[in-house]
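Participant:
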Amino acid sequence: HIHATARDGRERTTMATTETIETLKHLVRCAREDTAVLDVESMKFFKAWLIEDLKATIPPPKAPPTSVNMDDPELMTPDSDVAHTMGPEQPKETLSDDEEAKMIAAKEAAAEAVAAEKYDEAIEKYTEAVVIAPSALTYAKRAECFIKLRKPNAAIRDCDAALKINPDSAKALKIRGAAQRYLGQYAAANADLSKGLQIDFDEHYGDIHKAVLSRVHEMHVAEGKARAQKEAEAKAKAAEARARAAADAANAANAAGSGMPGSGMPGGGMPGGGMPGGMPNVPPEMLEKLTSDPELMKAMQNPKVMQAMQAMMSNPMAAMQYMSDPEVGPVLQKLMGLFGGGMPGGMGGMPGGFGGGAPPSANANDVD
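Here is the structure:
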């Protein structure tokens, strides 16, 4: 007898250990999909242990996905039946012998009806029981019958009532999660199934949860693609608008430009007095470079720079005297860099025949 008792104890311990391991495996799968599962109230101690004791870095939870059109053959048509009778908000603290006997008989009849797959009859009997003495378990069992009859909304109502009585009712959480899954409410289903399976794991609802996690992942991927496409379209529109504005400005400059100082773009230059007039034949892409450089455009507001530019239009040799100027020289260097060593608007390059470069250095043999 002693050996048999010890053996039974070891078997129960082994069974409990196996169930615990399966629960942990499921938790790990859930956390890999979305770390939001660790933010459930009952899991905060575990998250704290991971961070504080194991020094783990936990990625932020995924954003709750919105609805994305996806084919799901298991979705149910939302039911809109009149709500079934619910139990009293404030049930009796004690039942009479007759009431207790009726409640027990109703529950037994309901269980028999469920075994025979007579779910309508089972619902009637569970209703008789909740009217006498409502409980989280009875509501959850009636909700399970509603799921069998493809009435997910009715099931959710009963699970809400069950969780109002017992917020940690694993059965109610799992059934409500399943009902939400059949309505396509995958994010809510994930939250309820995660919590319910942490409290009491079973394979049936574990399989439903796997399907939900797959759907949640598909939704995140679809949303990411839609967001990336939207951003790409916005960038393309902005680039198109900039190119169009640059082309319009170049066309205006080419139409008016005679190559003489003070002429060229309407009003003698770029709008606001930015670029000097007399700069025709500037390619749109070059003009866009000029107008998109805030420092360069600011420098063009300097009268000294404008004077130098106009002087160089009529006499490119004048560039030599301005290159050493602390205000004008850096601007000219930047312009030559943008235009590949030359200057815009027909100014030519730097004197000395090097297309915008510095004049050739003197050689000792060239000196008389």
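Numbering follows the working numbering, with no gaps: position 74 of the sequence shown is 129.
Beta carbons are placed, not taken as given, at the ideal position from N, Cα and C, and that holds for glycine.
1) The alpha helix (DSSP H) spanning I202 covers which residue range?
2) Suppose the cutoff is 6 Å on Cβ atoms and the five residues either side in sequence are ignored; what does the same chain contact list for I113 look like?
3) Do A233 and I202 have their C-beta atoms closer together than 8 Å?
4) Give the C-beta separation of L248 and M131 to the nearest angstrom, bearing in mind that I take them to be a contact with Cβ-Cβ under 8 Å.
5) Could you work out which residue in Q240, D175, P189 is closest to N221 when comparing CA atoms only?
6) According to DSSP, is E295 part of a helix, a strand, or is it coil?
7) Candidates E144, Y241, E286: which alpha carbon is nearest V271's?
8) I'd like the span of the alpha helix (DSSP H) that includes L150, first residue to last.
9) CA-CA distance, P120 and A246?
10) By alpha-carbon positions, which one of Q253, A168, R236 ends up nearest to L93?
11) I need the DSSP call for F100, collapsed to helix, strand or coil.
12) Do the CB positions of M361 and M355 come within less than 8 Å of each other?
13) Taking only runs of the alpha helix (DSSP H) that begin and end inside the region 214 to 254, which ones reach a length of at least 4 residues, in chain order?
14) Do Y260 and A227 count as a contact pair if the criterion is CB distance below 8 Å?
15) Please state if the CB of L387 and the CB of A374 are separated by a distance shorter than 8 Å.
16) Less than 8 Å separating the beta-carbons of Y181 and R197?
17) One question on the structure: do H139 and I178 come within less than 8 Å of each other, judged by their Cβ atoms?
18) Which residues in the same chain as P146 place their Cβ atom closer than 8 Å to its Cβ, once the five residues preceding and following it in sequence are excluded?
19) Can you say whether A170 is buried or exposed, counting buried as having 16 or more other CB atoms within 10 angstroms of its CB?
20) Please state whether DSSP places K80 in a helix, a strand or coil.
21) State the DSSP-derived secondary structure class of H259, mapped to helix, strand or coil.
22) Decide if V83 is buried, meaning its Cβ has at least 16 other Cβ atoms within 10 Å, or exposed.
23) Per DSSP, what kind of secondary structure is K206 in: helix, strand or coil?
24) Quick one: residues in its chain with C-beta nearer than 6 Å to the C-beta of Y174, no 5 flanking neighbours on either side, listed in chain order?
25) Helix, strand or coil for K173 per DSSP?
26) Quick one: using the 10 Å Cβ neighbour count with 16 as the cut-off for buried, is R299 buried or exposed?
27) For A165, I'd like the list of residues in its chain whose CB is within less than 6 Å of its CB, leaving aside the five on either flank, ordered along the chain.
28) For V276, count neighbouring C-beta atoms within 10 Å of its own C-beta (all shown protein chains included) and say buried if the count is 16 or more, exposed if not.
29) What do you reckon, are the CB atoms on A184 and K162 nearer than 8 Å?
30) Distance, Cα to Cα, K100 vs D255?
31) On the CB-based measure, 16 or more other CB atoms within 10 Å of its CB, does M372 come out buried or exposed?
32) So, with DSSP's three-state summary, where would you put A374?
Facilitator: According to the data block:
1) From DSSP, the alpha helix (DSSP H) with I202 extends over 191 to 203.
2) So the qualifying residues of the chain are T90.
3) Pairing A233 with I202 gives a Cβ-Cβ distance under 8 Å.
4) Wrong, their Cβ atoms sit about 16 Å apart, outside the cutoff.
5) Nearest of Q240, D175, P189 to N221, Cα basis: P189.
6) It is helical.
7) Out of E144, Y241, E286, the CA that lies nearest to the CA of V271 is found in Y241.
8) Going by DSSP, L150 is part of no alpha helix (DSSP H) at all; its letter is neither H nor E.
9) For P120, the predicted structure reports a pLDDT of 45, less than 50, and the residue's modelled location is therefore unreliable. A value from the coordinates is still provided. A246 has its alpha-carbon roughly 12 Å from the corresponding atom of P120.
10) It is Q253.
11) The answer is helix: DSSP assigns F100 an H, G or I state.
12) In contact: M361 and M355 (Cβ atoms closer than 8 Å).
13) Within the region 214 to 254, the alpha helix (DSSP H) runs of at least 4 residues that lie entirely inside it are, in chain order, 225 to 237, 241 to 254.
14) With contacts defined by Cβ atoms closer than 8 Å, A227 and Y260 do not form a contacting pair.
15) Against a cut-off of 8 Å, the Cβ pair of L387 and A374 comes out as a contact.
16) Yes, Cβ-Cβ distance for Y181 and R197 is below 8 Å.
17) Cβ atoms of H139 and I178: closer than 8 Å.
18) A188, P189, listed in sequence order.
19) Exposed is the call here.
20) Reduced to three states, the DSSP call for K80 is helix.
21) The DSSP-derived three-state label of H259 is helix.
22) When all chains shown are included, V83 counts as exposed.
23) Reduced to three states, the DSSP call for K206 is coil.
24) Here the set comprises C200, K203, L204.
25) Collapsing the DSSP output to three states places K173 in coil.
26) With fewer than 16 other Cβ atoms within 10 Å, it is exposed.
27) Cβ contact annotation for A165 (same chain, cutoff 6 Å, sequence separation greater than five): A177, K180, Y181, in chain order.
28) Exposed, by the Cβ-count rule.
29) Inclusion of A184 and K162 in the CB contact set at 8 Å is warranted, their separation being smaller than that value.
30) Here residue 100 is Phe; the residue named in the question, Lys, does not match the sequence. Between the alpha carbons of F100 and D255 lies a distance of about 18 Å.
31) By the 10 Å Cβ count, M372 comes out exposed.
32) When secondary structure is reduced to three states using DSSP, A374 falls in the helix class.
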